[in-house]
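A.B. asks: I am attaching a structure below and will ask some questions about it afterwards.
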């Protein structure tokens, strides 16, 4: 994800917008100016609020200084009442803020324990100042975790649902036997209720917030909008489930090993007598120091028998044996490429500033390898590589 990619930004700047709003406010009360003066007199006295209370309310709510001062003035200096006043005001203005353009924000990720589920989300706000704040970053991280906890969601808002799919489901519901006997108008209402339920179940914003099930994700975002004073919106998300869509073979590893062993046992049957004489010198060469075998294993990560064979064929020379193993590994890579790799890890990379985010799935054959530090580092490096290559669109040329 590239932050703000595809969002059409307004040409006019924030200063021009503020100037325009100030001009409107200055022009609006012009006519009843004399009458308003008398009513404004008592309000002037009420504005005399202790600066310490203003600071306390600002720290508690994150609202602006003038908003806090006004809230305290209208609630006789009562902190709790002023807090409620600000929250109500914030919630009331959320709809107005929703019409603004939010092109700043952050890309956040969440990788579940075991690296089998990964999520990438883009959450937008109006200014870079808010985007850099801890409150906004925490919100983005919570939304990423929310997506991971909701495997059935497919889009952000109910309005994002595919309309063709909705109409197709509506047609199916209208013809269900349990509704055919009901009047057309009643049937349409029941079907609409079912459709709304289905659409909401697949929308992120209508889900119960996992950290507080008394509110929805939509209400969580509105609270943040009120608290931070800017329009905040969830733009998009992507979720990876490790191995999803990979067709796994039915036969197990033990059966595969048994089959290969049987083939090897049958193959050299004919030239058995002739081979014995050639194998004699090799038997002496296998006598290799166990310490050298361990040293080679630590250096290459190869199997014990492979290390022993490599040392035997290279007269105990560690460097030559290492080259031998590397060559052997490269030679067998094509064979390994034909195997099914359904294990692995989902990894993410968020670039400094949270303006670029990448989610990748890297596969291997076994969970044992997937849990290793070497494999995890590889997955992390590949995620970083994708972030550094803005023009890549697919994995292989064949894609």
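Residue numbers (my numbering): 177 to 575. Think of the CB as a built atom: it goes at the ideal place given N, C-alpha and C, for glycine as much as any other residue. Since the model is a prediction, treat every value here as computed from it, not as a measurement.
So, with DSSP's three-state summary, where would you put residue 368?
C.D. replies: Position 192 of the chain shown, counted from the first residue, corresponds to residue 368. Of the three classes helix, strand and coil, the one that applies to residue 368 here is helix, per DSSP.
A.B. asks: Following the continuous alpha helix (DSSP H) through residue 379, name the residue where it begins and the one where it ends.
C.D. replies: Looking up residue 379 in the chain shown gives position 203. Here residue 379 belongs to no alpha helix (DSSP H), and DSSP marks it neither H nor E.
A.B. asks: Have a look at 396, 291, 483, 265 and flag the residue whose alpha-carbon is nearest the alpha-carbon of residue 311.
C.D. replies: Numbered from 1 along the chain shown, position 135 holds the residue referred to as residue 311. When only C-alpha atoms are compared, the closest one is 396.
A.B. asks: So, with DSSP's three-state summary, where would you put residue 540?
C.D. replies: Your numbering for residue 540 matches position 364 in the chain shown. In the structure shown, residue 540 sits in a strand (DSSP, three-state: E or B).
A.B. asks: Under the three-state reduction of DSSP, which class applies to residue 351: helix, strand or coil?
C.D. replies: Walking along the chain shown from the start, residue 351 turns up at place 175. In the structure shown, residue 351 sits in coil (DSSP, three-state: anything other than H, G, I, E or B).
A.B. asks: Taking the Cβ atom as the reference point for each residue, do residue 282 and residue 574 lie within a distance shorter than 8 Å?
C.D. replies: Translated into positions along the chain shown, residue 282 becomes position 106. Translated into positions along the chain shown, residue 574 becomes position 398. Contact flag unset, no.
A.B. asks: Using 8 Å as the threshold, is the stretch 401-408 in touch with the stretch 299-316, meaning 3 or more CB pairs across them?
C.D. replies: Touching, yes.
A.B. asks: Tell me the rounded alpha-carbon separation between residue 218 and residue 342.
C.D. replies: Residue numbering aside, residue 218 sits at position 42 when the chain shown is read from its first letter. Residue numbering aside, residue 342 sits at position 166 when the chain shown is read from its first letter. Because residue 218 sits at a pLDDT of 44, beneath the cut-off of 50, its placement in the model cannot be relied upon, and the point is left open.
A.B. asks: Start and end of the beta strand (DSSP E) containing residue 416?
C.D. replies: The count along the chain shown starts at 1 and reaches residue 416 at position 240. Looking at the DSSP string, the run of the beta strand (DSSP E) that includes residue 416 is 409-417.
A.B. asks: For the alpha helix (DSSP H) containing residue 522, list its first residue and its last residue.
C.D. replies: On the chain shown, position 346 is the one that residue 522 refers to. Residue 522 -> not in any alpha helix (DSSP H); beta strand (DSSP E) instead, spanning 519-526.
A.B. asks: Taking the Cβ atom as the reference point for each residue, do residue 321 and residue 410 lie within a distance shorter than 8 Å?
C.D. replies: Your numbering for residue 321 matches position 145 in the chain shown. Your numbering for residue 410 matches position 234 in the chain shown. Cβ atoms of residue 321 and residue 410: not closer than 8 Å.
A.B. asks: When the distance is taken between beta carbons, is residue 532 closer than 8 Å to residue 563?
C.D. replies: Counting from one through the chain shown, the residue named residue 563 turns up at place 387. Counting from one through the chain shown, the residue named residue 532 turns up at place 356. Yes, the Cβ-Cβ distance between residue 563 and residue 532 is below 8 Å.
A.B. asks: Give the DSSP-derived three-state secondary structure of residue 421 in the structure shown.
C.D. replies: The count along the chain shown starts at 1 and reaches residue 421 at position 245. Coil, per DSSP.
A.B. asks: I think residue 383 touches residue 392, with their Cβ atoms under 8 Å apart; what is that distance to the nearest whole Å?
C.D. replies: For the purposes of this step, residue 383 is identified with residue 207 of the chain shown, where counting begins at 1. For the purposes of this step, residue 392 is identified with residue 216 of the chain shown, where counting begins at 1. 6 Å between Cβ atoms; contact.
A.B. asks: Smallest Cα separation from residue 347: which of 361, 333, 367, 225?
C.D. replies: Here residue 347 is taken as the residue at index 171 of the chain shown, counted from 1. Comparing Cα positions, the closest option is 367.
A.B. asks: Identify every residue that forms a DSSP beta bridge with residue 300.
C.D. replies: In the chain shown, counting from the first residue as 1, residue 300 sits at position 124. For residue 300, which the question treats as bridged, DSSP gives the partners 281, 409.
A.B. asks: At which residues does the beta strand (DSSP E) containing residue 168 begin and terminate?
C.D. replies: Here the chain has residues from 177 to 575 only, and residue 168 is not among them.
A.B. asks: If I measure Cβ to Cβ from residue 568 and keep anything under 7 Å in the same chain, skipping five residues before and after, which residues do I get?
C.D. replies: Here residue 568 corresponds to residue number 392 of the chain shown, with the count starting at 1. Excluding positions up to five away in sequence, the list reads 562.
A.B. asks: Kindly list the residues whose CB is nearer than 8 Å to the CB of residue 378, restricted to its own chain and excluding five residues on each side of it in sequence; keep chain order.
C.D. replies: Locating residue 378 in the chain shown gives position 202, counting from the first residue. Once the five neighbours on either side are set aside, the close Cβ partners of residue 378 are 328, 329, 330, 331, 337.
A.B. asks: Going by other Cβ atoms of all chains shown within 10 Å of its Cβ, with 16 needed for buried, is residue 243 buried or exposed?
C.D. replies: Translated into the one-based positions of the chain shown, residue 243 becomes position 67. Flag for residue 243 reads buried.
A.B. asks: Tell me which residues share the same chain as residue 492 and place their Cβ nearer than 8 Å to its Cβ, disregarding the 5 neighbours each side in the sequence.
C.D. replies: The residue given as residue 492 occupies position 316 in the chain shown. Closer than 8 Å at the Cβ level, and outside the excluded window around residue 492, lie 464, 465, 468.
A.B. asks: Roughly how many angstroms lie between the CA atoms of residue 362 and residue 325, to the nearest whole one?
C.D. replies: Taking the first residue of the chain shown as position 1, residue 362 is located at position 186. Taking the first residue of the chain shown as position 1, residue 325 is located at position 149. Answer to the nearest angstrom: the Cα atoms are 36 Å apart.
A.B. asks: Take the Cβ of residue 293 as the centre, count every other Cβ of all protein chains shown within 10 Å, and call the residue buried at 16 or more, exposed below.
C.D. replies: The residue given as residue 293 occupies position 117 in the chain shown. Counting Cβ neighbours within 10 Å, residue 293 comes out buried, since at least 16 surround it.
A.B. asks: Give the range of the alpha helix (DSSP H) segment to which residue 482 is assigned.
C.D. replies: Residue 482 sits at position 306 when you count from the first residue of the chain shown. From DSSP, the alpha helix (DSSP H) with residue 482 extends over 480-489.
A.B. asks: Leaving out five residues before and five after residue 261 in sequence, what residues of the same chain have Cβ atoms less than 7 Å from its Cβ?
C.D. replies: Counted from its first residue, the chain shown places residue 261 at position 85. Only 247, 250, 251 meet the Cβ criterion.
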